[in-house]
Amino acid sequence: MILDQNIQVKTYCDNVLDAIGNTPLIRLNKIVEGLPCTVLAKVESFNPGLSAKDRIALKMIEKAEREGKILPGGTIIEATSGNTGYSVAMVSAVKGYDCILVAPAKISEEKQRALRALGAKLVICPTNVKPEDPESYYSVAARLNRETPNSYYINQYFNPDNLLAHYQSTGPEIWQQTNGRLTHYIASCGTGGTLSGTGRYLKERNSKVQVIGVDAYGSVLKKYHETGQFDQNEIYPYKLEAVGKNIIPDNVDFDLIDQFVKVKDDEAAHCARDIATMEGILVGYSSGAAL
């Protein structure tokens, strides 16, 4: 074998953040047997922080750095009910920032231990309170930002760089990996960044691509999409993390989304288990909900 000495191959990452993105698209087989189509999973657990949230954490923090919203030695603050906290803690650790994460009580013990292992300070708030309640994790995160000097509140639900991260990375990756042949894009919807950012890119490339959002029973998103009305009666306790919301995030582009489908807690859990035992891919409940 003759090696071309002119080829430049980078054999290592400068830090763990360089490993974010370019995740594989894997064909599902047993679990979708009988379906008259190819079903591909964008396996974001190949990111170093084990989820798609690595993309948005890096994007939003680096944008804040460029704009001078966070300075060396500062503190990153975020409200999180899912994987964003892990990604924010990871990026903060690499960049040398303190990290305060505010989460609802339903966040799993495993996630709490992982967040603390990355050096984050964790503040736990009641789960079943209204967003405007002073004790909600949204309100507490905003208050801590006001009280903490040289701090930056990421606010993923209303930060446009959340959506932009997926528009600039996840969408192009999926388009290239499928050679533009996909017909449907399905993703769980919480903040709306993954669904709307990726969906926007794909629809710009092919307006016929159907963008389908997965919502949770106990969330307002599906009803709001169908009626344009915020229905308080849709809100009740549920266990799914990072799926659905009791607010309307700016990053959910309802005009872009063709349809929402609601999934129950047990349906998501059982499907996540089936993906593991039938396809050998460990995923969380939000991925189970999407499938």
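Under this note's numbering, the letters of the sequence shown match residues 1 to 291, in that order. From the three backbone atoms N, C-alpha and C, an ideal C-beta is built for every residue, glycine too. Being a predicted model, the structure only gives us computed values, none of them experimental.
Query                                                                                                                                                      : Result
Note down, one range per segment and in chain order, each beta strand (DSSP E) of at least 3 residues found wholly within the region 156-194.              : 184-188
Taking just the CA atoms, how far does Y185 sit from L35?                                                                                                  : 16 Å
Roughly how many angstroms separate the alpha carbons of Y285 and L291, rounded to a whole number?                                                         : 10 Å
Do N251 and N162 come within 7 Å of each other at the CB atom, strictly closer than that value?                                                            : yes
Within a Cβ cutoff of 8 Å, which residues of the same chain sit near G74, ignoring the five residues on either side of it in sequence?                     : Y97, D98, N150, S151 and Y152
Considering only the beta carbon of each residue, do A269 and V283 sit closer than 7 Å?                                                                    : no
Helix, strand or coil for N51 per DSSP?                                                                                                                    : It should be pointed out that residue 51 corresponds to Ser in this sequence rather than to Asn. Coil at S51, not helix or strand.
If you reduce the DSSP assignment to three classes, tell me which class L308 lands in.                                                                     : Past the boundaries of the shown model lies residue 308; the chain is included only from 1 to 291, so the question cannot be answered.
Starting from the Cα of R205, find the closest Cα among Y167, Q259, A57 and S287 and give me that residue.                                                 : Y167
Taking the Cβ atom as the reference point for each residue, do T198 and T178 lie within a distance shorter than 7 Å?                                       : no
Rounded to a whole number of angstroms, what is the C-alpha to C-alpha distance between T194 and N246?                                                     : 18 Å
What span of residues does the beta strand (DSSP E) with S151 cover, start to end?                                                                         : S151 to Y153
Please state if the CB of L144 and the CB of I76 are separated by a distance shorter than 7 Å.                                                             : no
Would you grab the beta carbon distance between V102 and Y137 for me? Rounded to a whole angstrom, and I think it's under 8 Å.                             : 5 Å
Based on Cα-Cα distance, which residue from C37, Y86, E65 and D215 lies nearest to S51?                                                                    : Y86
CA-CA distance, A41 and G119?                                                                                                                              : 31 Å
Is F230 helix, strand or coil by DSSP?                                                                                                                     : coil
Take P20 and list the residues in its own chain whose beta-carbon comes closer than 8 Å to its own, dropping the five residues that flank it on each side. : A small fix is needed here, since residue 20 is Ile in this sequence, not Pro. So the qualifying residues of the chain are N47, P48, G49, D54, R55 and L58.
Compute the beta-carbon to beta-carbon distance between E241 and I154, rounded to the nearest angstrom, for a pair I have assumed lies under 8 Å.          : Not confirmed; about 18 Å, so no contact.
Assuming I70 and E279 form a contact by the criterion Cβ under 8 Å, report the distance between their Cβ atoms to the nearest whole angstrom.              : Contact flag wrong, Cβ pair sits at about 40 Å.
Can you name the residues that DSSP bridges to A41?                                                                                                        : I26
Could you spell out where the alpha helix (DSSP H) holding T277 opens and where it closes?                                                                 : D265 to E279
Does the Cβ of V214 have 16 or more other Cβ atoms within 10 Å, making it buried, or fewer, making it exposed?                                             : buried
If you follow the beta strand (DSSP E) that E78 is in, where does it begin and where does it stop?                                                         : T75 to A79
Count the other CB atoms within 10 Å of the CB of S207; is the residue buried (16 or more) or exposed (fewer)?                                             : exposed
Applying the 10 Å Cβ sphere with the 16-neighbour rule, what's the burial state of G82?                                                                    : buried
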